[in-house]
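In what follows, a single structure is set out as structure tokens and then discussed.
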Amino acid sequence: MENPFSLPGWVKAVLCLGLSLVLAVGMPAQRAMCQGDPWYSDVSGHWAQENIYVLWLEGVTDGYLFQWGGTVTPYFFPDADCTRAQLTVLLAKVFGLTPLAPTSPTYPDVPKSYTIYPGKPAWRWIEAAAAANLTSVPAGRNFYPDRGISRQDAVDLLIRCLDLYEYALSMPDSEVRTLLQRFRDGMDTRQDRRHSMACAIKFGIIQGYDDRTLRPETVLARCQAAALVYRSCLIRATADIDVFSPDGDGIDDTVSFRLTYLKNRGISTWNMVIEDASGSIVRTFNPGGSPGSPPGTVVWDGTNTQGRTVAQGTYYYQAWVRDRHNRQFFSVKKPLIVEKYSLSGYVSPASCTDGQTLTVRAYTSPSAGSVTAAFADGLARQLSPSSDRQTWTLQLVMGPFLPPGSQQVSVTAQFGKVTRHITLSFTRVEELWISPSVSPNPAGPGQTLSLLCAASPNVEWVTANLFGSSVTLSESEGLWQGSFRLPPECPQGDYPVVFTAYSGNRQVSATVYLAVDTSKLSKLFFILTR
1 MENPFSLPGW
11 VKAVLCLGLS
21 LVLAVGMPAQ
31 RAMCQGDPWY
41 SDVSGHWAQE
51 NIYVLWLEGV
61 TDGYLFQWGG
71 TVTPYFFPDA
81 DCTRAQLTVL
91 LAKVFGLTPL
101 APTSPTYPDV
111 PKSYTIYPGK
121 PAWRWIEAAA
131 AANLTSVPAG
141 RNFYPDRGIS
151 RQDAVDLLIR
161 CLDLYEYALS
171 MPDSEVRTLL
181 QRFRDGMDTR
191 QDRRHSMACA
201 IKFGIIQGYD
211 DRTLRPETVL
221 ARCQAAALVY
231 RSCLIRATAD
241 IDVFSPDGDG
251 IDDTVSFRLT
261 YLKNRGISTW
271 NMVIEDASGS
281 IVRTFNPGGS
291 PGSPPGTVVW
301 DGTNTQGRTV
311 AQGTYYYQAW
321 VRDRHNRQFF
331 SVKKPLIVEK
341 YSLSGYVSPA
351 SCTDGQTLTV
361 RAYTSPSAGS
371 VTAAFADGLA
381 RQLSPSSDRQ
391 TWTLQLVMGP
401 FLPPGSQQVS
411 VTAQFGKVTR
421 HITLSFTRVE
431 ELWISPSVSP
441 NPAGPGQTLS
451 LLCAASPNVE
461 WVTANLFGSS
471 VTLSESEGLW
481 QGSFRLPPEC
491 PQGDYPVVFT
501 AYSGNRQVSA
511 TVYLAVDTSK
521 LSKLFFILTR
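Once you know that position 166 of the sequence shown is 166 in the working numbering, the rest is easy, because the numbers rise by one and skip nothing.
In structure tokens form, the structure reads like this:
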């Protein structure tokens with residue numbers, strides 16, 4: 001519960017005017033530029049003292065430094081309004097951003113000389129926040145750095161810092177309304193801040209007041225800003241991916257969590273848990289409570305405490321640390337989606353001859369949006385889905401559009417934003433053919449035959465076997481040619497001439513039947529002369 005107490009406006013005005021005069025007249029420049037303030041004199045006994053103290057120990061707070069008569073008195077003014085610039089600088093420091101100094105200021109009302117307090121430069125911190133997309137103000141527009149920041153704007157900024165903004169935008173409108181309506185004025189939240197506010201309610205980042213109000217338009221006090229950051233940022237757990245798939249296919253099978261925490265807390269132990277949607281813990285990462293600070297990274301393989309892979313669904317992760325005073329600090333609980341995507345398939349036949357139909361079949365789980373198969377010709381062809389979009393088929397008549405030999409097919413399935421790939425293989429076998437002929441046919445004994453054979457371009461040599469002899473043909477202008485003289489005593493009849501073409505380790509044969517006709521010889525008259 002944040003304390004809604006704040007100073008009356010006239011008191012704030014007098015204090016700020018007095019502060020400005022004192023700093024302008026009495027404070028040495030080098031003191032005003034100090035990196036860490038002395039502990040503040042106006043926080044003792046305040047309800048937010050612990051929150052402010054922890055952040056002060058980390059060196060991320062900025063207060064007002066009065067110097068009078070050689071004595072510096074630091075003030076935090078916890079109940080003064082928190083400006084947009086002050087909260088932005090605080091978060092930039094807490095999240096370890098590196099100050100930036102671009103050539104031109106991102107915001108026209110935040111010049112290079114801008115300070116959040118007299119003697120406290122802030123321009124480079126605000127530039128760092130803008131570069132990290134932690135602000136909602138587009139470049140070139142006014143940032144209004146000295147305007148008090150409303151609770152709804154402060155929540156939006158924090159949601160962005162905690163990497164929850166995309167999740168907030170993805171929340172259904174019905175869920176957003178339900179969460180906001182827990183509070184009497186929840187729906188008074190500005191339309192473009194409702195998703196961020198609902199997300200903050202869901203994960204306990206903001207709690208509201210005792211009268212069940214959020215007061216989204218109320219300006220945040222500095223103590224409230226400190227409490228908001230304190231509750232959310234003492235330890236932070238961030239997953240490297242928001243959706244992972246522990247299905248054993250080697251893609252996004254694990255998720256890594258980066259743990260960062262404020263270093264001056266004297267951490268005695270830590271833990272991190274994964275909960276299911278019902279709030280039951282399915283996995284812990286320091287179950288024995290081993291002493292020491294948390295590691296920089298924790299990896300989860302999707303298994304529960306029994307070593308079994310968890311079911312698909314939404315899970316939540318949260319880390320905590322305990323300091324030397326036995327105080328426990330929790331990170332913001334964040335969602336993590338476990339989805340098991342699989343893609344398998346095959347190509348048939350494994351060796352496909354030109355003219356044959358090649359079938360590529362893929363199986364997806366769950367249903368995929370699309371599946372494509374990319375071949376060596378550079379074209380990605382769409383597979384056709386079954387009614388449940390889990391079986392996908394492509395049929396392709398093989399031909400010379402692909403190079404001969406071993407082929408790889410890259411199959412890609414698209415599941416929304418998630419992609420899966422597998423590589424299948426087959427061999428394209430070029431068509432091997434011959435078309436032989438013998439001339440003359442019929443022929444008589446003793447005649448010379450012309451052996452001719454047209455063949456596919458991949459043929460390397462051709463032979464013709466006839467009458468117990470093998471004739472190797474020679475290629476000339478795409479036609480294989482040879483000759484053979486029939487034996488003079490060859491009897492009449494039909495004789496096979498077997499042509500065989502060779503290509504690599506393949507061969508194809510065709511037979512031509514030669515008709516030997518001896519009837520012409522019987523009509524010949526032989527005249528003997530001297």
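For each residue, glycine too, the CB sits at the ideal point set by N, CA and C.
Within 10 angstroms of the beta-carbon of Ala380 lie fewer than 16 other beta-carbons, which makes it exposed.
The C-beta distance from Leu486 to Leu449 rounds to 6 angstroms, short enough to meet the 8 angstroms contact threshold. Beyond the five residues adjoining it in sequence on each side, Trp433 comes within less than 6 angstroms, by CB distance, of Ser456 in the same chain, given in chain order. Burial check for Glu489: the Cβ neighbour count within 10 Å stays below 16, so the residue is exposed.
Around the beta carbon of Thr254, fewer than 16 other beta carbons lie within 10 angstroms, which makes this residue exposed.
Contact check for Leu336 against Pro294 fails: the beta carbons are separated by 9 angstroms or more. Annotated as proximal: Asn286 and Trp270, with beta-carbon spacing under 9 angstroms. Checking the DSSP bridge columns, you'll see Ile281 partnered with Glu275. Around the CB of Thr71, fewer than 16 other CB atoms lie within 10 Å, so the residue is classed as exposed. Thr500 is the residue among Thr303, Pro108, Gly444 and Thr500 whose C-alpha sits nearest the C-alpha of Glu460. Taking C-beta atoms as the reference points, His46 and Cys233 fail to come closer than 9 angstroms. For Ser519, the three-state secondary structure derived from DSSP is helix. Ranked by Cα distance from Thr393, the first of Ser435, Ser348 and Cys352 is Ser348. Of Ser470, Thr98 and Ala198, the smallest CA-CA separation from Asp156 is found for Ala198.
Annotation: the segment 392–429 contains the following complete segments of the beta strand (DSSP E) (minimum length 3 residues), in chain order: 405–415 and 418–429.
Residues of the same chain with a CB within less than 8 angstroms of the CB of Leu100, apart from the 5 flanking positions on each side, are Arg124, Glu127, Ala128 and Ala131 in chain order. CA-to-CA, the gap between Asp388 and Ser280 works out to about 33 angstroms.
Judged by DSSP in its simplified three-state form, Ser232 adopts helix. For Glu175, no beta strand (DSSP E) segment is defined; the enclosing uninterrupted segment is the alpha helix (DSSP H) at Asp173 to Leu180. Around the beta carbon of Asn51, 16 or more other beta carbons lie within 10 angstroms, which makes this residue buried. Rounded to whole angstroms, Glu166 and Gln306 show a C-alpha spacing of 32 angstroms. No Cβ-Cβ contact shorter than 9 angstroms links Arg184 with Arg151.
Asp210 has its alpha-carbon roughly 26 angstroms from the corresponding atom of Arg84. In the structure shown, Ala198 falls within a helical segment according to DSSP collapsed to helix, strand and coil. Shortest Cα-Cα distance from Thr423 to any of Thr309, Ser344 and Gly248 involves Ser344. Closest by C-alpha distance to Arg308, out of Tyr315, Arg327 and Val282, is Val282. Tyr107 is not a Cβ neighbour of Ala80, given a cutoff of 9 angstroms. As a beta-bridge residue in DSSP terms, Leu343 pairs with Thr364.
Arg177 and Pro216 have their C-alpha atoms roughly 15 angstroms apart. An exposed status is given to Ile241, since fewer than 16 other beta-carbon atoms sit within 10 Å of its beta-carbon. In this structure, the straight-line span from the alpha carbon of Pro366 to that of Arg160 is close to 31 angstroms.
The beta-carbon distance between Val497 and Val438, rounded to whole angstroms, is 5 angstroms. This is short enough to meet the 8 angstroms contact definition. In the three-state reduction of the DSSP assignment, Arg258 falls in the strand class, which pools E and B.
Between Tyr495 and the set Ala443, Gly369, Asp188 and Ile235, the nearest pair of CA atoms involves Ala443. Asp62 is classed as buried because its beta carbon has at least 16 other beta carbons within 10 Å across all chains shown.
Nearest C-alpha to Gln481 among Val360, Lys340, Gly493 and Ala464: Ala464.
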